[in-house]
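Numbering-wise (our numbering), the sequence shown opens with residue 121 and increments by one. We put the CB at the ideal spot given by N, CA and C, even for glycine. For clarity, every value in this text was computed on a predicted model and none was experimentally measured. I have placed the structure first, in the form of structure tokens, so that the comments after it can refer back to it.
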Amino acid sequence: MLRTLLLTGAAGGIGKALRPLLKDIAETVVLSDIEDITELAAHERFHACELSDAAAVRTLVEGVDGIIHLGGISVERPFELILRGNIVGAYNLFEAARNTGRPRIIFASSNHVIGYYRRDQNLDNAVIPRPDTLYGVSKAFGENVASYYADKFGQECLSVRIGSCLPEPANPRMLATWLAVEDFAELCARAFAAPRIGHTIVYGMSANDETWWDNRNAAFLGWQPKHTSAKWRAKVLAAAPPEDPDSREVIFQGGGFVNLDHPG
Ligand SMILES: NC(=O)c1ccc[n+]([C@@H]2O[C@H](COP(=O)([O-])OP(=O)(O)OC[C@H]3O[C@@H](n4cnc5c(N)ncnc54)[C@H](O)[C@@H]3O)[C@@H](O)[C@H]2O)c1
């Protein structure tokens with residue numbers, strides 16, 4: 121059990137769903153975001169912080185024993201926003217951690233780091249990134265910062281290439297990429313409890329029937345996802361329009377992100 125856990129991006133979709141599950145991981149959870157969070161449980165505190173403000177991030181990280189870093193831009197946006205939230209923000213967070221006793225970090229990376237691989241390719245976590253968006257590029261940057269800080273300073277980090285962490289899969293693609301928030305919480309708990317993680321990359325997916333990803337190199341964590349998208353398969357397929365197997369969003373792992381306009 122950690123004494124104090126920092127959750128950045130706590131006002132976002134995953135943050136809201138994850139919060140109730142964190143009381144089993146830490147005695148106190150510091151929630152942070154640029155958006156206000158007013159309703160707090162007894163074990164929670166709120167600390168507003170803009171991730172591009174290095175001094176503010178340093179104050180935020182001071183005294184925490186672990187970090188789940190969800191904060192930042194979570195979809196394709198103009199580069200200036202991605203630069204601030206995901207590139208400067210990730211650097212500030214790792215730099216603050218390095219200077220404050222190196223609390224272990226869980227970094228919310230994304231499947232969009234590898235979105236330009238085809239769905240008929242099975243990827244392990246050593247593949248070279250093929251980002252499908254500037255957003256994916258920024259997440260690859262975050263993973264590289266994590267790798268550099270691990271090798272240079274011994275700062276430990278689990279980079280989780282999250283698939284689709286939503287209450288339930290919303291389309292056929294998510295039958296492969298879905299991650300139940302309960303499975304994500306269990307992964308975080310295991311990463312904090314493991315004797316040593318260095319910098320490890322893991323794909324954030326539940327025990328779905330179909331998958332494009334191979335998590336064998338993270339097997340040492342002993343993480344066994346308990347949930348599966350199979351429960352929603354019939355509902356998802358019944359509601360989905362027919363797919364064109366030759367369309368880019370069906371060919372590539374990144375789905376619709378490969379068709380987004382470049383925001384330049
Ligand atoms: N939801 C998914 O399926 C999914 C998939 C892959 C990766 N991820 C990653 O997981 C994390 C959480 O995802 P989410 O769906 O909850 O996203 P979200 O957009 O709902 O939440 C992100 C939060 O970060 C905050 N934020 C944005 N810019 C900030 C800044 N400059 N400083 C401080 N806070 C800032 C926002 O206010 C927001 O509350 C994100 O990093 C996202 O990229 C999510």
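Minimum C-alpha distance to residue i - residue among the options
i	options	result
GLU363	GLY209, ARG293, CYS285	ARG293
ALA359	ILE188, ALA290, PHE312, VAL257	ALA290
ASN231	LEU122, PRO361, THR331	THR331
GLU147	GLU164, ILE157, ALA300	GLU164
PHE304	VAL322, VAL370, ILE317, ALA314	VAL322
GLY186	ALA216, ASP329, SER367, GLU196	ALA216
LEU142	LEU278, VAL301, TYR269, TYR236	VAL301
PRO345	ALA354, ARG353, ASN335	ASN335
GLY274	LYS136, ILE317, LEU307	ILE317
SER349	PRO287, SER152, LEU341, SER367	PRO287
THR220	GLU182, ALA176, ASN328	GLU182
LEU126	GLY376, ASP381, PHE312, ILE193	PHE312
ILE226	GLY132, GLY324, ASN337, LYS136	GLY324
Closer than 7 Å: residue i CB and nearest ligand 1 heavy atom
i	result
ASN242	no
ILE188	no
GLY375	no
Limits of the beta strand (DSSP E) - the one that residue i falls within
i	result
GLY324	319-324
ILE225	224-230
ARG123	122-128
VAL356	Run containing VAL356: none in the beta strand (DSSP E); it sits in the alpha helix (DSSP H), 353-359.
VAL280	277-282
First and last residue of the uninterrupted alpha helix (DSSP H) at residue i
i	result
SER267	254-273
THR297	294-297
ILE371	368-371
CYS308	301-313
LEU138	133-138
Going residue by residue through the stretch 147-210, where are the continuous alpha helix (DSSP H) segments of at least 4 residues, counting only ones entirely within it? 174-181, 199-202
So which residues touch the region around ligand 1, with touch meaning a C-beta under 5 Å from any heavy atom? GLY129, ALA131, GLY132, GLY133, ILE134, ASP153, ILE154, GLU155, GLU170, LEU171, LEU190, GLY191, GLY192, SER194, GLY205, ALA228, SER230, ILE282, SER284, CYS285
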